[in-house]
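Input: a single structure, listed below in structure tokens.
In the numbering used here, the protein residues as written are 1 to 323.
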């Protein structure tokens, strides 16, 4: 398999799906002539033309609203929002329209659209441009929420999302576009709503996704040097949330740490912990620990920003506490 980075994996998925289905088109700020804020759509405008790669005004509500309308009449739009922080401008469309159209109108229509957006901190962009509000979007039924942690999953999940009949929020981490990994060539699909064990272990279960997965794998490698074998489960999809592999792992290790870049309060880790306490209480040998961002607006100062974000050392410390 080829070793490519996350940016290329996402770009390949988009290119392949646009070649496969002429109903797929891209719209967003600077996706055309400029090639995308993160260069994901570089070369698309020249190849597919302005009708299928549409530059838009700086108006997120218009971008998502146009995508909803296009999806309702049979197209498959991929709407790019420069960052997830700008999704708040289009919140009504994202959580109150796209996810509810199918059920509110008795299945008369579907809304097959993808909203691609980048989240996360670590790039000194300040508190309003560095957020990880994934749990906010995962709260709403009808909206699938995907956040891959490897290039292979990024490609496979995005291709599946584009083919889905439901609206999908596809959240990429802005600091992970250079992360490399093995990616199958050709037709590669990954099911939405299936978690995956990314590293086998026997002493403790670490549950994470997106950039948290990278931290968890690095922490597990460090812990192995101390004789602690951590099993790492990658959620991959936040809605629908698949706890099957998580519960199976926990029943084996009896200890758990969750890792996320968002704030811990009302976070993804809190939901995972609550479900494990509910469904596997008899297997608990230690309280579940949650590793998350410190509860402050993310600082601009580089040292303070890194101090606020979860680090490998935080995961290692949490695991050592529960074991």
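Backbone N, C-alpha and C define an ideal beta-carbon position, used for all residues, glycine too.
Does residue 144 pass the burial test, meaning 16 or more other C-beta atoms within 10 Å, or should it be called exposed? What you label residue 144 is simply residue 144 of the chain shown in a count that begins at 1. It counts as buried.
Going by other Cβ atoms of all chains shown within 10 Å of its Cβ, with 16 needed for buried, is residue 184 buried or exposed? Taking the chain shown and counting its residues from 1, one reaches residue 184 at position 184. Exposed, by the Cβ-count rule.
Would you mind working out which of 159, 181, 163, 95 sits nearest residue 142, comparing C-alpha positions? Locating residue 142 in the chain shown gives position 142, counting from the first residue. Residue 95 holds the alpha-carbon nearest to the alpha-carbon of residue 142 among 159, 181, 163, 95.
Count the other C-beta atoms from every protein chain shown that fall within 10 angstroms of the C-beta of residue 147, then say buried if there are 16 or more, exposed otherwise. Here residue 147 is taken as the residue at index 147 of the chain shown, counted from 1. Residue 147 comes out buried.
Roughly how many angstroms separate the alpha carbons of residue 304 and residue 110, rounded to a whole number? Translated into positions along the chain shown, residue 304 becomes position 304. Translated into positions along the chain shown, residue 110 becomes position 110. Using only the alpha carbons, I get a separation of about 45 Å.
Is the stretch 180-196 close to the stretch 121-137, with three or more CB pairs under 8 Å? Here the stretch 180-196 does not lie against the stretch 121-137, with fewer than 3 beta-carbon pairs under 8 Å apart.
Do three or more CB pairs link the stretch 173-182 to the stretch 198-206 at distances below 8 Å? Because the criterion of three Cβ pairs below 8 Å is not met, the stretch 173-182 and the stretch 198-206 do not touch.
Is it true that the CB of residue 272 sits closer than 9 Å to the CB of residue 223? Sequence index remark: in the chain shown, residue 223 carries index 223 (1-based). Sequence index remark: in the chain shown, residue 272 carries index 272 (1-based). Against a cut-off of 9 Å, the Cβ pair of residue 272 and residue 223 comes out as no contact.
Residue 134, buried or exposed, once every other Cβ within 10 Å from all chains shown has been counted against 16: Translated into positions along the chain shown, residue 134 becomes position 134. Under a 10 Å Cβ-count criterion, residue 134 is classified as buried, with 16 or more other Cβ atoms of the shown protein chains found around its own Cβ.
Identify whether residue 21 lies in helix, strand or coil by the three-state DSSP scheme. By 1-based counting over the chain shown, the position of residue 21 is 21. Reduced to three states, the DSSP call for residue 21 is coil.
Rounded to whole angstroms, how far is the Cβ of residue 65 from the Cβ of residue 93, which I believe are closer than 8 Å? For the purposes of this step, residue 65 is identified with residue 65 of the chain shown, where counting begins at 1. For the purposes of this step, residue 93 is identified with residue 93 of the chain shown, where counting begins at 1. 5 Å between Cβ atoms; contact.
Would you mind sorting residue 105 into buried or exposed? The rule is 16 or more other CB atoms within 10 Å of its CB. Locating residue 105 in the chain shown gives position 105, where the first residue counts as 1. Exposed, by the Cβ-count rule.
Is DSSP giving residue 205 helix, strand or coil here? Taking the chain shown and counting its residues from 1, the one referred to as residue 205 is at position 205. Looking at residue 205 - three-state DSSP - the assignment turns out to be strand.
Report all residues from its chain with a CB closer than 7 Å to the CB of residue 170; omit the five preceding and five following residues, and keep chain order. As a working note, residue 170 is residue 170 in the chain shown. Same-chain partners within the cutoff: 114, 115, 116, 146, 158, 161.
Put residue 65 into one of helix, strand or coil per three-state DSSP. Working through the chain shown from its first residue, we reach residue 65 at position 65. Annotated three-state conformation of residue 65 is helix, per DSSP.
Can you grab the Cα-Cα spacing for the pair residue 228 / residue 322, in whole Å? Here the question's residue 228 lines up with position 228 in the chain shown. Here the question's residue 322 lines up with position 322 in the chain shown. So the two alpha carbons sit approximately 11 Å from each other.
Could you tell me the boundaries of the alpha helix (DSSP H) in which residue 151 lies? Reading the chain shown from its first residue, position 151 is the one you call residue 151. Residues 151-163.
In whole angstroms, give me the CA-to-CA distance for residue 270 and residue 290. Position 270 of the chain shown, counted from the first residue, corresponds to residue 270. Position 290 of the chain shown, counted from the first residue, corresponds to residue 290. Looking at the two C-alpha atoms, the distance is approximately 8 Å.
So what does residue 55 bridge to, in DSSP terms? As a first step, residue 55 is located in the chain shown; it is residue number 55 there, counting from the start. Answer by DSSP bridge pairing, in chain order: 28.
Terminal residues of the beta strand (DSSP E) in which residue 173 lies: The residue labelled residue 173 in the question sits at position 173 within the chain shown. 168-173 is the extent of the beta strand (DSSP E) around residue 173.
Rounding to the nearest angstrom, what Cα-Cα distance links residue 61 and residue 53 in this structure? Indexing the chain shown from 1 puts residue 61 at position 61. Indexing the chain shown from 1 puts residue 53 at position 53. The alpha-carbon of residue 61 is positioned some 18 Å away from that of residue 53.
Would you check if the distance between the CB atom of residue 63 and the CB atom of residue 28 is smaller than 9 Å? In the chain shown, counting from the first residue as 1, residue 63 sits at position 63. In the chain shown, counting from the first residue as 1, residue 28 sits at position 28. In contact: residue 63 and residue 28 (Cβ atoms closer than 9 Å).
If distances are taken between C-alpha atoms only, which option among 58, 283, 112 comes closest to residue 89? Along the chain shown, read from residue 1 onward, the residue named residue 89 stands at position 89. Cα-wise, what sits closest to residue 89 is 58.
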